[in-house]
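Single-structure report; data block below.
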Amino acid sequence: MMGILRPALIFAALLQMAQMLPCTGQEIDDRGAFLRMKESMVPVLPESDTVSLVFIGDVMLHERQITVARERYLARHGGNPGSVHDGYDFSSYFLDLEDRLASADLAVANMEFTLAGPPFSGYPAFSAPDSYAEYMSDCGIDVFLTANNHILDKGGKGALRTLSVYEKMMEEKGIRFTGTSADSAGFTRDNPLVLDVNGMKVALVNFTYGTNIHIQDSYPKVNRISREALSVLMGKARESGADLIIALPHWGEEYSMRHSAAQEDLAEWLADNGADLVIGTHPHVVQDSTVIRTCTAGGREKDIHVIYSLGNSVSNMSAGVTQIGLLSRVTAVKHLNGKVDLAVGLEYLWCSLPGRLKDTHCTIPVKEYLDRRGEWKMPYEYDKMVKTYYTVKEKTGVKD
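Residues -18 to -1, 1 to 382 in mature numbering (1 follows the signal peptide of the UniProt record, and there is no 0) are what the sequence shown lists, from first letter to last.
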């Protein structure tokens, strides 16, 4: 569109300028004034809108993470904090990722835990201190995804408290959350989550295959995989005027590095029903990615990127394939004709366990550490990271 508009607009401006010039035969005494007038009359065209988005996978808090974070706090600060939620030190977790998260226009993460209050617990029923979510926000995460199988780990009351903490953080820190609502009214009002990101409307549709606890009518409303319900949400996203619709399913088979037939079928349905991008979580490992070609309502062919699973971003899981995950960096460019182009990049991450690289859990960009074996307290984990990195790339076909 730029190639068509620019010559036409410049011609119109020059024509208007010519009409303002002195009649033929008259002298132009002030050439500088003429040039300034000429410059002022050439129209300044608006630039295309560009938005950067970052997505990371499962943010977990196992029992070992809770213990180590507590020990680090006591070693550094001693005594007890004013609040039971504040006596934990998570500060090394995303130290190497903070720039990536904070510099993005929008950073999104799957929060695989509840904030149900003490006693804090890991697997199988997760309950984290409030400071864990606050730390994630401080690292630059803007949107918390809550539609996952662990959101009801502590029942309806635990989920309600989680949402209450997020609502307070929304007021104080500006975070947003999606996927779970306190009641039906909130479910209808807040889903999908549509955000204005640097002038571009971005709709996030987050949903899960199910929860570990049976959902009762009195419990908060969790977005689940139902094509009837998803059809309504996708329709609302389109009606909102969203420039970009991103589907964020919690799906798939745990620990499988290849997507299932059910995932593929749903991904194709999402692409056909308006999703511009599909990014999944839940398997705790990286899965393969693909591109689905579909047609828009106007008959234009369109490629939809599908990242079946980002894997873990931080956890205490010790199998190599669960320590490695992905960070997805998406650049969206909205052109003057309204068309949005996406560039999707992937970067491998590694969650190192306590005593191996540092004295605590920490997630690092793999490529930046490939030539830094000497920094490991336990070099065998460096070797494990490198081997896993190349193995997962080969098995999934996901390139960085």
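Where a beta carbon is used, it is the ideal one built from N, C-alpha and C, also for glycine.
Owing to the predicted nature of the structure, the values given are computational and were not obtained by experimental measurement.
Exercise. DSSP puts Glu283 in a beta bridge; with which residues?
Worked result: Cys277
Exercise. What does DSSP give as the partner residues of Leu331 in its beta bridges?
Worked result: Gly307 and Pro347
For this session: Taking 8 Å as the threshold, find out whether the stretch 182 to 197 comes into contact with the stretch 93 to 105 through three or more Cβ pairs.
Result: no
For this session: Pull up the DSSP beta-bridge partners for Lys321, would you.
Result: Answer by DSSP bridge pairing: none, since Lys321 is not bridged.
Exercise. Which residue spans inside the stretch 32 to 97 form an unbroken alpha helix (DSSP H) run of at least 4?
Worked result: 45 to 59 and 80 to 85
Exercise. Short check: CB of residue 453 to CB of Pro265, under 8 Å?
Worked result: Nothing in the structure corresponds to residue 453, since the chain is present only between -18 and 382.
For this session: Specify the secondary structure class of Phe108 as computed by DSSP and reduced to three states.
Result: coil
Exercise. In the stretch 146 to 234, which residue ranges form an unbroken beta strand (DSSP E) of at least 3 residues, counting only runs that do not cross its ends?
Worked result: 158 to 160, 175 to 179, 182 to 190 and 226 to 232
Problem set entry | Where Ala243 sits in the DSSP three-state scheme | helix
For this session: Kindly list the residues whose CB is nearer than 6 Å to the CB of Ser334, restricted to its own chain and excluding five residues on each side of it in sequence; keep chain order.
Result: Cys344
Exercise. Thinking C-beta only, is Phe95 closer than 8 Å to His132?
Worked result: yes
For this session: Look at the alpha carbon of Val147 and the alpha carbon of Ser65, and state the distance between them as a whole number of angstroms.
Result: 14 Å
Exercise. Which residue comes first and which comes last in the beta strand (DSSP E) that contains Val296?
Worked result: Asn294 to Val296
Exercise. Cα separation between Gly256 and Asp178?
Worked result: 18 Å
Exercise. Looking only at its own chain, which residues have a Cβ that is under 6 Å from the Cβ of Glu9, when we skip the five neighbours before and after it?
Worked result: Because the pLDDT of Glu9 is 40, which lies under 50, any placement of that residue in the model is unreliable, and the number read from its coordinates should be weighed accordingly. There are no such residues.
For this session: Taking only the alpha-carbon atoms, compute the straight-line gap between Val214 and Trp358 and give it to the nearest angstrom.
Result: 50 Å
Problem set entry | Rounded straight-line distance, which links the Cα of Leu318 to that of Leu17 | Unreliable placement is indicated for Leu17, whose pLDDT of 39 sits below 50; no coordinate value is reported for it.
Exercise. Where do the N-terminal and C-terminal ends of the alpha helix (DSSP H) with Val374 fall, by residue?
Worked result: Pro361 to Thr378
For this session: Closer than 6 Å by C-beta to Ser34: which residues in its own chain qualify, once you throw out the five before and the five after it? Chain order, please.
Result: Ala86, Asp87 and Thr313
For this session: Indicate the three-state DSSP secondary structure (helix, strand or coil) for Pro4 in the structure shown.
Result: Caution applies to Pro4, whose pLDDT of 43 falls short of 50 and renders its modelled position unreliable; the value that the coordinates give is listed next. Three-state result, Pro4: coil.
Exercise. Are there 16 or more other CB atoms within 10 angstroms of the CB of Cys5, so buried, or fewer, so exposed?
Worked result: Low per-residue confidence applies at Cys5: pLDDT is 42, beneath 50, and the placement is therefore not dependable, though the value from the model is reported in the following sentence. Burial call: exposed.
For this session: Could you tell me whether the Cβ atoms of His241 and Asn130 are closer together than 8 Å?
Result: no
For this session: Along the beta strand (DSSP E) that carries Val268, what are the first and last residues, could you check?
Result: Where Val268 is concerned, there is no enclosing beta strand (DSSP E), given that its DSSP letter is neither H nor E.
For this session: Mind the definition here: the stretch 47 to 55 touches the stretch 336 to 343 only if three or more C-beta pairs lie below 8 Å; say whether that holds.
Result: yes
For this session: Report the option in Ala164, Asp254 and Leu259 whose CA atom is closest to the CA atom of Val184.
Result: Leu259
For this session: Pull up the DSSP beta-bridge partners for Phe102, would you.
Result: Phe102 is not bridged to any residue.
Problem set entry | 7 Å Cβ shell around Ser119 - same chain, five flanking residues per side excluded | Met151, Lys155 and Ile157
For this session: Give me the Cβ distance between Leu292 and Ser310, rounded to the nearest whole Å; I'm assuming they're in contact under 8 Å.
Result: 6 Å
Exercise. When we look at the beta-carbon of Ala15 and count the other beta-carbons within 10 Å, is it buried (16 or more) or exposed?
Worked result: For Ala15, the predicted structure reports a pLDDT of 44, less than 50, and the residue's modelled location is therefore unreliable. The matter cannot be settled from this model.
Exercise. If we count the other Cβ atoms within 10 Å of its Cβ and call it buried at 16 or more, is Ser200 buried or exposed?
Worked result: exposed
Exercise. Are Asp40 and Asn92 touching if we call contact CB-CB under 8 Å?
Worked result: yes
For this session: Could you check the C-alpha separation between Asp382 and Gly60 for me, to the nearest Å?
Result: 42 Å
Problem set entry | Residue closest to Gly138, alpha-carbon to alpha-carbon, out of Phe37, Tyr105, Gly262 and His196 | His196
Exercise. Would you say His317 reaches chain D, if we count a Cβ-Cβ gap shorter than 8 Å as a contact?
Worked result: The displayed structure is made up of one protein chain only, and chain D is not part of it.
For this session: May I have the straight-line CA-CA distance separating Asp165 from Lys203, to the nearest angstrom?
Result: 6 Å
Problem set entry | Inter-residue spacing [alpha-carbon to alpha-carbon] between Met19 and Asp31 | Because the pLDDT of Met19 is 40, which lies under 50, any placement of that residue in the model is unreliable, and the question is left without a value.
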